[in-house]
Amino acid sequence: MRAITLIVSTFLFLVNPAFAADQWLGKWVLNTSKSSYSPGPMPRSVDLQYEAIPEGVRVTNVTIAFDGATIKRTTSLKFDGREYPYEGNVNADVVTGKRLGDYSFETQWIKAGKPTLKQTMTVSADGKTLTVRQTGTDAQGRIFDVRGIYDRARE
């Protein structure tokens, strides 16, 4: 009986996302009522998808802007400090990434060789909320201070 309990406990540990590394992996939906965007206006919606790649993450961001325009940004980056292309992002040609732990990582966006925006992504201890903190100056010279709160999407 102990052997069965041990096997079941080990299985639950391995498949339970609460015990897995890289808690940010999966789909996330912006909670506009809990988020703040400066400068505004806040987008109508943002859907994030984080997928594991060897030593990094593939990021897909689909935003419905305030005016209804759809913007899709994608990148695949490793957590090695090197620059990786960032497609569809008006504020970055390339991005670098740094893993801070199982619950957090940061990126630095770079446009025409100059740093623009820095992001820190942090998942709550219960794995249900992702906070994206974005600071810096965008490609148009506006100062950004964004706190996006995302809810984990149901699969």
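Read the sequence shown against our numbering and you will find it ends at 155, with the numbers running on by one and no gaps. Idealized CB from N, CA, C, for every residue including glycine.
Going straight from the alpha carbon of residue i to that of residue j, what length do you get?
i: Gly-68; j: Asp-47; result: 14 Å
i: Ile-64; j: Arg-142; result: 20 Å
i: Tyr-84; j: Thr-107; result: 11 Å
i: Gln-119; j: Ser-104; result: 11 Å
i: Thr-74; j: Tyr-50; result: 10 Å
i: Ser-36; j: Phe-79; result: 27 Å
i: Ala-21; j: Ile-53; result: 13 Å
i: Leu-130; j: Val-95; result: 20 Å
i: Val-29; j: Ala-112; result: 30 Å
i: Val-123; j: Ser-38; result: 22 Å
i: Ala-125; j: Asp-138; result: 31 Å
i: Met-42; j: Thr-32; result: 8 Å
i: Gly-127; j: Gln-23; result: 7 Å
i: Leu-26; j: Arg-154; result: Checking the displayed sequence, the identity of residue 26 turns out to be Gly instead of Leu. Those two C-alpha atoms are separated by around 9 Å.
From what residue to what residue does the beta strand (DSSP E) around residue i run?
i: Arg-133; result: 129-137
i: Tyr-150; result: 143-152
i: Asn-61; result: 56-64
i: Leu-25; result: Leu-25 -> no beta strand (DSSP E), and no H or E assigned at all.
i: Val-94; result: 94-101
i: Phe-105; result: 104-111
i: Val-46; result: 45-53
i: Lys-118; result: 114-123
i: Pro-85; result: 84-87
i: Lys-34; result: No beta strand (DSSP E) contains Lys-34, which DSSP labels as neither H nor E.
So residue i packs on residue j, CB below 8 Å; how close in whole Å?
i: Ile-110; j: Ala-92; result: 6 Å
i: Phe-66; j: Arg-44; result: 6 Å
i: Pro-115; j: Gly-136; result: 7 Å
By the 10 Å Cβ neighbour count, where 16 or more other Cβ atoms means buried, how is residue i classified, buried or exposed?
i: Val-132; result: buried
i: Gln-140; result: exposed
i: Thr-56; result: It should be noted that the sequence gives Gly, not Thr, for residue 56. Buried, because 16 or more other Cβ atoms sit within 10 Å of the Cβ of Gly-56.
i: Val-90; result: exposed
Tell me whether the segment 136-149 and the segment 96-105 touch, counting them as touching only if at least three CB pairs, one residue from each stretch, are closer than 8 Å.
Contact fails: fewer than three Cβ-Cβ distances are below 8 Å.
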